[in-house]
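S.K.:
Numbering (the working numbering), first residue to last: 2 to 701.
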């Protein structure tokens with residue numbers, strides 16, 4: 002994060018210093034016989050350029066540090082930096098500074114001798130001025146590209162547009178200086194009418210060009226009325242490709258056959274609808290969740306309009322035991338947009354995953370859908386709608402799913418679920434259902450388990466004040482030999498979970514994401530909030546003790562994928578947005594990651610954007626191998642939702658052991674809704690479902 006911010010800050014300083022230098026040297030060139038002022042401005046130029054070169058040095062250092070962390074942070078941007086920064090700055094060193102230095106010294110001598118009259122106009126000629134102005138324009142254009150269109154520098158077409166724009170700007174500056182150098186046109190001005198006409202024509206050209214770009218880009222970005230989410234480019238991650246490269250038919254992929262044979266070079270196909278949990282047998286636990294609009298009274302007394310499961314906010318806790326056959330019936334009472342149920346973090350069979358348009362159709366009002374699966378993993382999970390999830394989760398369609406270990410909970414343990422309390426009401430305003438503070442009575446000496454959830458879109462910092470504690474599990478998976486922590490801030494990824502355990506002391510314990518609202522535990526249910534101390538950040542990479550894993554950093558992987566995150570301004574489905582891209586693309590142009598069952602897969606995340614991205618892979622848990630080149634040194638860190646902070650790179654790995662078609666997306670659901678999503682596909686798996694404006698399915 003610091004390196005990304007520093008790199009951007011140095012680029013901003015480059016644009017400021019060289020922009021001011023370009024403007025001032027242009028003005029100084031028209032000083033006529035004001036040699037004294039020219040000399041004064043020459044000294045100012047040297048000072049400005051010195052500051053500009055210091056900023057350039059800072060930019061070089063941050064680029065080197067980022068490149069040392071992971072070359073993918075900088076390799077795509079180097080051609081742009083070379084043309085827009087390095088070349089004009091080299092021209093300043095070669096052409097401008099030596100002449101500027103000689104002229105300033107010469108004019109100072111002539112001023113002392115009284116022989117400098119009439120020298121001003123000739124002091125700063127085109128060869129002196131143009132490199133400085135080119136550096137200013139280059140730094141400004143580089144800043145614009147970095148903030149608004151960073152991925153455009155990574156492809157030939159975008160790079161060509163950037164370089165042509167820069168060439169036009171510098172060429173226009175050169176033409177102006179050629180005109181100003183003519184004997185009869187030293188003022189650099191033209192008759193007012195001609196100048197005004199040129200300005201008007203230029204403005205019209207710019208407006209027409211921008212309007213045309215907006216119109217064409219808006220139309221090109223519109224999503225199809227109907228499409229299969231498996232369409233698009235395949236990325237095989239360096240692994241073998243199937244022999245067939247194209248097969249006709251709805252929802253089919255390369256290397257597939259529609260019959261039941263499995264001849265050499267082809268893969269027998271199976272539909273996601275066949276990849277179900279057990280269809281027969283009496284379930285150990287049976288639940289019904291009814292999606293409905295309802296007014297809900299919060300702890301604060303405020304009454305809000307919400308979208309709920311069973312009229313509750315959040316939805317009812319579903320608690321089962323490891324190994325249970327679970328049956329959940331979803332009933333849509335009155336959610337016009339349709340709903341589904343996705344089991345976040347629980348690796349269920351593909352048909353039970355609950356993604357509208359990929360594994361099922363959205364459940365419309367009056368309809369039902371039944372999910373059946375075996376809860377094989379103990380831990381803290383949650384459920385939410387995966388139909389328009391960016392809206393429906395914030396409006397209340399989610400709840401906790403707890404899978405208790407087969408051996409049972411420790412005797413006497415108090416098990417408390419703490420879900421991030423921010424809620425967006427139907428009118429778009431935010432409220433907090435834990436306001437005021439939730440107070441609970443717990444006897445000293447009682448073992449306590451807090452299940453911390455972040456159901457929002459951004460990382461949340463949880464603090465536990467008043468007791469020493471352990472992080473017992475991350476995203477449902479137990480930590481090996483967790484150490485005791487105190488005054489440590491727990492940053493939790495959007496969609497992520499931590500299980501925190503401690504023994505209740507005789508004094509109050511406060512758990513919160515902010516001082517104003519939280520959970521206060523005390524022996525009598527009363528007491529004051531303990532002081533929230535200055536805290537350090539919890540680092541899962543080095544927490545706990547190492548243990549054996551089925552694969553690791555030295556494993557020979559069957560497939561290796563890379564995801565580079567950027568941001569840009571552009572259109573998505575006809576609307577102008579700030580987009581967040583994966584390898585320069587947004588859905589449906591993002592690649593589909595193709596694997597075979599049994600593959601060991603390595604993925605590298607590189608976040609070059611200006612915000613964090615919590616990456617969530619459905620149906621699998623990822624093992625974190627390294628962060629920023631530093632290997633994992635603590636307990637094996639298994640996660641289903643990994644927060645990739647700005648400026649960070651991660652290497653993770655997983656086993657392709659759950660066949661299907663799986664979402665792999667940013668769990669800042671607002672980002673996913675504008676295309677920050679792709680899919681993991683197993684060869685041979687097809688889907689009959691579609692998304693689009695003429696379907697009922699809106700997966701994000």
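C-beta: ideal position from N, C-alpha, C; glycine also.
(1) My output table needs one value for residue 501: the three-state DSSP class, helix, strand or coil.
(2) Once the 5 residues before and after residue 575 are set aside, which same chain residues still bring their CB inside 8 Å of it?
(3) Which term fits residue 359, buried or exposed, when burial requires 16 or more other beta carbons within 10 angstroms of its beta carbon?
(4) When the distance is taken between beta carbons, is residue 536 closer than 8 Å to residue 468?
(5) Within the continuous alpha helix (DSSP H) that includes residue 543, where are the two ends?
(6) For residue 394, I'd like the list of residues in its chain whose CB is within less than 8 Å of its CB, leaving aside the five on either flank, ordered along the chain.
(7) Beta-carbon separation of residue 288 and residue 329 under 8 Å?
(8) Can you find the residues in the same chain that come closer than 7 Å, C-beta to C-beta, to residue 46, ignoring five residues on each side of it along the sequence?
(9) Do the region 90–101 and the region 131–139 make contact, defined as three or more Cβ pairs closer than 8 Å?
(10) What span of residues does the alpha helix (DSSP H) with residue 137 cover, start to end?
(11) Quick check: residue 578 and residue 585, are their CB atoms within less than 8 Å of each other?
(12) Please work out which residues of its chain come closer than 7 Å, Cβ to Cβ, to residue 1, disregarding the five sequence neighbours upstream and downstream, and give them in chain order.
(13) Determine, using beta-carbon pairs with one atom in the region 443–458 and one in the region 411–421, whether at least three such pairs fall under 8 Å.
(14) Would you call the region 312–326 in contact with the region 278–288, where contact means no fewer than 3 C-beta pairs closer than 8 Å?
(15) Residue range of the beta strand (DSSP E) that residue 614 falls in?
(16) Are the region 647–661 and the region 492–503 in contact at 8 Å, needing three or more beta carbon pairs?
(17) By the three-class DSSP mapping on this structure, what secondary structure does residue 569 have?
(18) Which residues in the same chain have their Cβ closer than 7 Å to the Cβ of residue 617, if we skip the five residues on either side of it in sequence?
(19) Could you check whether residue 314 and residue 440 sit closer than 8 Å to each other, using their CB atoms as the reference points?
(20) Along the beta strand (DSSP E) that carries residue 680, what are the first and last residues, could you check?
(21) When the distance is taken between beta carbons, is residue 596 closer than 8 Å to residue 681?
(22) Where does residue 702 sit, in a helix, a strand or coil, going by DSSP?
(23) Per DSSP, what are the beta-bridge partners of residue 446 in this structure?
(24) Rounded to whole angstroms, what is the Cα-Cα separation between residue 72 and residue 639?
(25) Given a threshold of 16 other Cβ atoms within 10 Å of its Cβ, counted over all protein chains shown, does residue 18 qualify as buried or as exposed?
(26) Helix, strand or coil: how does DSSP classify residue 392 here?
(27) Quick one: what does DSSP say residue 414 is sitting in, helix, strand or coil?
(28) Taking the alpha-carbon positions, what's the residue 427 to residue 459 distance?
(29) Residue 336: which of 485, 397, 568 and 144 sits nearest, CA to CA?
(30) Can you tell me the Cα-Cα spacing of residue 567 and residue 74, whole angstroms?
(31) Given residue 402, which residues of its chain have a CB within under 7 Å of its CB, disregarding the five upstream and five downstream residues?
(32) Please classify residue 21: does DSSP put it in a helix, a strand, or coil?
M.R.: Inspection of the coordinates gives the following:
(1) Here residue 501 is taken as the residue at index 500 of the chain shown, counted from 1. Per DSSP, reduced to three states, the secondary structure at residue 501 is strand.
(2) For the purposes of this step, residue 575 is taken as the residue at position 574 of the chain shown. Excluding residues within five positions, the ones whose Cβ falls inside 8 Å are 219, 220, 222 and 223.
(3) The count along the chain shown starts at 1 and reaches residue 359 at position 358. Residue 359 counts as buried, since no fewer than 16 other beta carbons sit within 10 angstroms of its beta carbon.
(4) As a position in the chain shown, residue 468 is number 467, starting the count at 1. As a position in the chain shown, residue 536 is number 535, starting the count at 1. No. Outside cutoff.
(5) For the purposes of this step, residue 543 is taken as residue 542 along the chain shown, with counting starting at 1. Premise fails: residue 543 is in no alpha helix (DSSP H) and is neither H nor E.
(6) Position 393 of the chain shown, counted from the first residue, corresponds to residue 394. If the five residues before and after residue 394 are omitted, its C-beta is found closer than 8 Å to the C-beta atoms of 385, 386, 456 and 670, all from its own chain and listed in chain order.
(7) Translated into the one-based positions of the chain shown, residue 288 becomes position 287. Translated into the one-based positions of the chain shown, residue 329 becomes position 328. In this structure, residue 329 lies closer than 8 Å to residue 288 by Cβ.
(8) Against the chain shown, residue 46 aligns to sequence position 45. Around residue 46: 22, 25, 26 and 101.
(9) Under the Cβ criterion (8 Å, minimum of three pairs), the region 90–101 counts as touching the region 131–139.
(10) Along the chain shown, one-based indexing puts residue 137 at 136. Counting along the chain, the alpha helix (DSSP H) containing residue 137 begins and ends at 127–149.
(11) The residue given as residue 578 occupies position 577 in the chain shown. The residue given as residue 585 occupies position 584 in the chain shown. For residue 578 and residue 585, no; Cβs fall outside 8 Å.
(12) The structure shown does not extend to residue 1, since the chain is modelled only from 2 to 701, so the question has no answer here.
(13) Taking a cut-off of 8 Å on C-beta distances, the region 443–458 touches the region 411–421, as three or more cross pairs fall below it.
(14) Yes: at least three Cβ pairs fall under 8 Å.
(15) Translated into positions along the chain shown, residue 614 becomes position 613. Here the beta strand (DSSP E) through residue 614 covers 614–618.
(16) By the Cβ rule, the region 647–661 does not count as touching the region 492–503, because fewer than three pairs are nearer than 8 Å.
(17) If you number the chain shown from 1, residue 569 lands on position 568. Assignment of residue 569 by DSSP, reduced to helix, strand and coil, places it in the strand class.
(18) Within the chain shown, numbered from 1, the residue matching residue 617 stands at position 616. Same-chain partners within the cutoff: 496, 641, 642, 666 and 668.
(19) Numbered from 1 along the chain shown, position 439 holds the residue referred to as residue 440. Numbered from 1 along the chain shown, position 313 holds the residue referred to as residue 314. Cβ atoms of residue 440 and residue 314: not closer than 8 Å.
(20) On the chain shown, position 679 is the one that residue 680 refers to. Boundaries of the beta strand (DSSP E) around residue 680: 678–683.
(21) Position 680 of the chain shown, counting from 1, holds the residue named residue 681. Position 595 of the chain shown, counting from 1, holds the residue named residue 596. Contact: yes.
(22) Residue 702 cannot be examined here, being either before or after the span of the chain that is shown, 2 to 701.
(23) Along the chain shown, one-based indexing puts residue 446 at 445. Residue 446 is not bridged to any residue.
(24) Indexing the chain shown from 1 puts residue 72 at position 71. Indexing the chain shown from 1 puts residue 639 at position 638. Taking the straight line from one Cα to the other gives about 26 Å.
(25) Within the chain shown, the letter at position 17 stands for residue 18. With 16 or more neighbouring CB atoms inside 10 Å of its own CB, residue 18 falls in the buried class.
(26) Along the chain shown, one-based indexing puts residue 392 at 391. DSSP places residue 392 in the helix class (H, G or I) of the three-state scheme.
(27) Within the chain shown, the letter at position 413 stands for residue 414. Note: residue 414 maps to coil in three-state DSSP.
(28) Here residue 427 corresponds to residue number 426 of the chain shown, with the count starting at 1. Here residue 459 corresponds to residue number 458 of the chain shown, with the count starting at 1. Note that residue 427 has pLDDT 45, beneath the 50 cutoff, so the model's placement of it is unreliable and no number is given.
(29) As a first step, residue 336 must be located in the chain shown, where it is residue number 335. Taking only the C-alpha atoms, the option nearest residue 336 is 397.
(30) The count along the chain shown starts at 1 and reaches residue 567 at position 566. The count along the chain shown starts at 1 and reaches residue 74 at position 73. Looking at the backbone, the Cα of residue 567 and that of residue 74 are separated by about 10 Å.
(31) As a first step, residue 402 is located in the chain shown; it is residue number 401 there, counting from the start. The beta carbon of residue 402 lies closer than 7 Å to those of 319, 344, 347, 382, 383 and 384 in the same chain, with the five residues before and after it left out.
(32) As a first step, residue 21 must be located in the chain shown, where it is residue number 20. In this structure, DSSP gives residue 21 a helical state, which the three-state scheme calls helix.
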